[in-house]
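Let me begin by presenting the structure, written as structure tokens, before commenting on it.
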Amino acid sequence: MGLSSSKEQSENDDYKPPLVRQRERLLERRTTVLTDSDAAAFDPTADKYDYLIVFKNDKPKKKISHYDDEGQEQHKEEEKIKWEWLENVWLEAIPGEEDKKEKGRDYLKFLWQQRFGSLPNEDSEEIDMQPKSEIELLVRDHIIDVLSRKSGLQLKLSLSANGRKQYCQVRAPMSLLERKATQLEYKLKFKPEIDPGPAFWQRTDGTYDRAGRPRYIELIEEQRLTSKDETNEALAILYKLGKIGPHDMSVFDEEETTEKHWSRRLRTLERIVDKVPCTNEYPAYASFTGKPKERHLYDEYPSVRGKTLFLSKDRLYLTRRIIDEVFDFGVLEENKLVDLITALHDANYGEMPTADWFLKRWVYFYQAEADRVGAPYVTHYAIIKHRTCPRYLRPFAQPLMEIRSYFGEKIAFYFAWLGFYGYYLIYPALGGLICTLYLLFSGTSDEAIGIHPEQIIMALALVVWSAFYKESWDIESQYCALKWGTLNFEEQEVDRPQFHGDPDGEPRRISPVTNQKETFYPPEKRQQTQRNSLFIIIFFIIALILVIVLIFEIEYLMYLQGGFLASATGAVGVLQAVLIQILSEQYGNFANARNDKENYRTQTEYENALVLKKFLFEIFNNYSALAITAYFKGVYFICTSGTYKQNCLGDLKLLLISIFGTRFALAIYSAYEERVNRIIELVFGPTKNKDDDADSDDDSDDENDDLEGGGINKKKSSANAISETQRFETELELKAYEGTFDDYAEIVLQMGLVSMFTLGWYLVPTLGVLEVLLQIRVDAYKLAAQTRRPDPAPAESVGSWGVLMESMGVLAVYANAGIVVFTTRSFSNYSFLEKLLIFFVLEQIALVLKIVTHASIIDVPTDLSDKKRRNDHVVKRHKVVAFDDDDVVMAGQDDDDTDEIPSSMTQRRNIGIGDDYDLQKKREADKKRAAEHAQKISDLALQRGAVDADLLDVNALKPDKPLTRIQQHRLEYLRRKLLGVDKDLALLRNQYKVACRHEVYKPKLGISYSRKDPDLALGLLSVTVVEANGLGTLDAPLDANKHPVRIIAHVREDRGDADETKEENPSISVGPPPQVSKPAKKPKEPLEVDVGERLVFNHSFSLAPIKKTQAALHLDILEELLTEVPLVPTSGGDGKDDNAPPAPQRRRGHARVPLALLRDQKPHRNHVVRIAKPGESDFIDEDEDVRSGPHLVIHAQFQFSKLEPIKAKIKDLLATQRKLHRDVTNIQLNRDTQFRWDWPDTRFGDDEAKDEDEEDIVP
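With the first letter of the sequence shown counted as 1, position 1042 gets the number 1042 in the UniProt record's numbering; the numbers rise by one all the way through.
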């Protein structure tokens, strides 16, 4: 995302030398529009938020009613919460030092006193305990108040349709995001033009210097020095032309002190303005500092809030960090004080990509455009936008750059790893197919006695492949981190929300490190729990092996019985496969519970312990049945498949088929789980939920509904209630995303099946490829359509899963050697000791091959190393502002420090202690200036009413008094209108999608073109010339009967002030060939003196195709001097000879109609057009009365796109929607509305009438 290079740019087709660029740079700036086909969904009027916090909005109630088994009504007191519990939760939920926690606790205690009339008192249970619903309201109001006052976030409040939930939408102003990015030293991408790539820098002009070296013209241009005045003058010109921003209109005197500083800034900005072709696929990333002098370095992206430095994943990540600095919502959610907090798919509404975009181009990749499906891995050339992925690789292709920009690097790494693994599975899959074909065509059996070289070769190849894949992925992951800017990423971890103190001892203690109170859990108790967990896991493993052995014993007995039971032994493999999945799910729940009980402080510690627990069991669960089948079944039981009853390759094959069949079935079921559950509900009826029953008891309590008008006609609400449907509400119905842990585990275990047991069936890698392809689309469908949006998180690699992949490679060494020696019949004639010796030899050979493979692949290839060093160099040149011939940059200095080091030769000096103090003061002054500048930008946005500036005062979130009856009705009236607007928008957007299937709009030409025939323009100009007035005069009479008058209509490019009498330069035709009208007629009304003053044509022209809107309709009025050979009208054959010479003509006038006047695509009737006599200009002044002189009366309609009118209607409806949302909120806050509406209560004349007829008002 954000990479401006395209296929054409990468081939340097757009390259222009410096002198050419210098001339074009001074031309007027052309209007920039989004020409990407994805821009169809770009909605600049969308008002959206990034996060949603959901609170309960239950009404306080004294008693809860329910009915016992005998139907008698029973009452019980509402659940109450103690202050002590709330205090402990609050201390955990407030991040930071102890003094901050205590202040938050004291303020909450103050709010408790305000709401309940007294301070908490442990001695008085009545005072110390309050109803749960009251506590939830207290916490909700306090959280919203603190977020609005302290965080700088923008909030928007609304209620759910039934009034049971309070929604708080959250977003951060851009200035706040920039300050947070500066604080975190968050890395952002440089613009590609900062370092366009080697192909740009090594461009030559074909000449050589004295040493015979080629002259690199771009390097020469980069090194050309300019003075300070020249630089300021050039920057001022670019600013006046609107090609650079106000930050860059001059040099920064205090920080740029030499010609090299000034020249580098100027050359960099010139490359950005010129949009030079860029081939650098790995632009540099640097920590954002917010300094005005560096803003031009960072890439910008279009968004509904204007150009921004942040992708959507950056915006969400920084917003969540800001939220987490105020409250740890994980703790509040864990303790049920907050329903949930979630990132919104709606945060990308109006931008690209969206969840629907992923469905079309990621899930249903076979329906997407060839250049939008992405690439199989990050280093593939098709990863660059607008490049086409080869057809045979499209099943592996994924839009990884868009996944990263939407979901963040952590999830993007999973899908990059999954696609890379599936792609590399092609190698063992091809090897397995070759072995299968060899056995098929050679007529041999893998169960025949004798050495089978294909088995040995395949076993060693699998070991080599596992090592080769692991090393290749390590390199690929470094390329991913380099491309995504997460190299050397380290994130400071915080305590898990579920981490709690010791309930039996001291839950909080003084930290020996910080001398502040912290939540404490004794390591000794955790170690004891870990030991207990280990014993339980060992017990589970022993029990598992016993169950598997028992199943084999039952199979053995069934086989001995013969008949039907013997033939049914094939179902045992299916039973084993199903048992693996059942035990995996059940044990997973147990492992999670035991891991929770061990109470780990950080998420990394928690996940590492969980990986150990799960994989210790999963290795036995997934591989025990296969290992017993391969090594022991033929010895202790009997092989039920194959021709040799002590060789169990046939049994191993059937078990592998069952296992993969079960895995495929579960993957497909997970994608259609909701539909299956819906069918089950239709057949067996919906399952009853106790929570639903509890909620239904509260419907009669309406005392708090007045805030949102929920109390209006409550008795009729079941039939007539109209809800304010909001886009994000549909997301709340989705499941929470459970993370990538189980997804990683499934594929790592599959890698074990492939690398260890392929000798049982050579088609196992092929099934592995198919499963990976299925898993990619299933996981993509879950993310895009079935789950809420996960919080974006940076990542540098796949973490500990890389170690597990390596462990699978090690196990493959011994597993394959064991199958070759002990399971196959290659060495069946040897004794056990001889087999054991052969096993050790084969195992050592495989181990040596594995080590050699690892050693032969360089961990950091030269190309990758060069790219890393190049990016470090680019950052140093532009952020640190260091020069190759300067040696003043000292070792060990930070980026911030080196900005202050003098860089000219004349300013070099040793920096002493006093100078360090000066530098510190200067840095503080820079930070202060940056903060002031950001505040000015924010204030300017507020003044202009930008979308990013929420004009509502979030400090006054609650109305001072309940809503009046009229306000309640008006609120519902606006909601009805909003619902209608939502329906109209949905209809228009559907029409827009349908229109997009048939045409594509080209903004540069202003015309839509056909999708089926890309060269066919859809512009159609329909013109009817009604009459001409003022052509004939007394001095120059015109007799239409003797000298026929015709009009020639044609469309040509509008050249503005071009002289019609001059010969025009040849250009591409923008319209069809000229068309000629039929002769004009005299009017029916007789005139006293007929001099041809009024002529009637009533002739229609259809001019198509029109290829661009920067053109004009030209109407030439010609008079024939000879009537013997009249012109042939456009209406068709009239019997005239086409070979006859044309009649002499005289030009009586010319009219011009710019197509820009007809861009509304509406019919223009009786449009008056000035006729210019020969020698006159056809351009008119605005104040000129056209009817006073010669003129034409025409009807005209210019149709050039079905998309543009729909877009205009959508824009108008969106503006209305925003007004409705604004006034809905105003009424909810008991304020006056900002816009005028046709209120239903305006029919009342006075207040008395209002009071009398209040009940009759129908919104």
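Each residue gets a CB set at the ideal place from its N, CA and C atoms; glycine is no exception.
Asked, Found
"Gly206: first and last residue of the uninterrupted beta strand (DSSP E) it sits in", "204-208"
"Length of the line joining the Cα atoms of Cys389 and Leu344", "31 Å"
"Inter-residue CB distance, Ile776 and Gly422 (contact presumed, cutoff 8 Å)", "7 Å"
"Glu1119 and His1043 closer than 8 Å at C-beta", "yes"
"Endpoints, the alpha helix (DSSP H) within which Gln561 is located", "523-561"
"Other residues of its chain near Val798: CB distance less than 6 Å, five sequence neighbours each side excluded", "Phe413, Trp417"
"DSSP three-state assignment for Thr519, whether helix, strand or coil", "strand"
"Contact between the stretch 814-831 and the stretch 623-641 (3+ Cβ pairs under 8 Å)", "yes"
"Coarse secondary structure for His1150, derived from DSSP in three states", "strand"
"Any beta strand (DSSP E) of 3 or more consecutive residues that is wholly inside the stretch 242-321", "285-287"
"Test item: CB-CB of Asp651 and Ser641 under 8 Å", "yes"
"The stretch 1155-1164 touching the stretch 977-987, judged by at least three CB pairs closer than 8 Å", "no"
"Any C-beta of chain B under 8 Å from that of Tyr15", "The structure shown contains no chain B; it is built from a single protein chain."
"Inter-residue Cα distance where the pair is Ala571 and Ser312", "51 Å"
"Local Cβ density within 10 Å of Glu297, reported as buried at 16 or more and exposed below that", "The amino acid occupying residue 297 in the given sequence is Leu; Glu does not appear at that position. Its Cβ being crowded by 16 or more others within 10 Å, Leu297 is buried."
"Option nearest Val1045 by Cα separation, candidates Arg1147, Gln991, Ala1036, Asp1054", "Arg1147"
"Beta bridge counterpart(s) of Asp1029 as assigned by DSSP", "Looking at the sequence itself, residue 1029 is Asn, so the reference to Asp does not match. Answer by DSSP bridge pairing, in chain order: Arg1094, His1191."
"Local conformation of Thr1024 per DSSP, three classes", "strand"
"Buried/exposed call for Lys653, threshold 16 Cβ in 10 Å", "buried"
"Residues bridged to Ala1111 [DSSP beta-bridge criterion]", "Glu1053"
"Complete runs of the alpha helix (DSSP H) confined to the stretch 352-411 [at least 4 residues]", "355-358, 400-407"
"Local Cβ density within 10 Å of Arg23, reported as buried at 16 or more and exposed below that", "exposed"
"Per-residue burial, Pro17 [other beta carbons within 10 Å of its own, 16 or more giving buried]", "exposed"
"Unbroken stretches of the alpha helix (DSSP H), 4 residues or longer, contained in the stretch 788-854", "801-818"
"Cα-Cα separation between Leu19 and Glu218, rounded to whole angstroms", "11 Å"
"CB contact flag (Pro283, Asp145, <8 Å)", "no"
"Gln130 in three-state terms, based on DSSP", "strand"
"Test item: CB-CB of residue 1268 and Asp324 under 8 Å", "As displayed, the chain neither begins before 1 nor continues past 1259, which places residue 1268 out of reach and without an answer."
"Leu86 and Ile135 closer than 8 Å at C-beta", "yes"
"Sequence-distant residues of its chain with Cβ nearer than 8 Å to Phe617 (five each side left out)", "Ile537, Phe540, Ile541, Leu544, Tyr587, Ala591"
"Val338 in three-state terms, based on DSSP", "coil"
"Environment of Asp248 [buried if 16+ CB atoms lie within 10 Å]", "buried"
"Length of the line joining the Cα atoms of Asp14 and Val273", "14 Å"
"Boundaries of the alpha helix (DSSP H) in which Arg164 is found, first to last residue", "Taken as a continuous stretch (DSSP letters only), Arg164 belongs to no alpha helix (DSSP H), as it is neither H nor E."
"Where His1164 sits in the DSSP three-state scheme", "strand"
"Ser158 versus Gln166: straight-line alpha-carbon distance, rounded", "6 Å"
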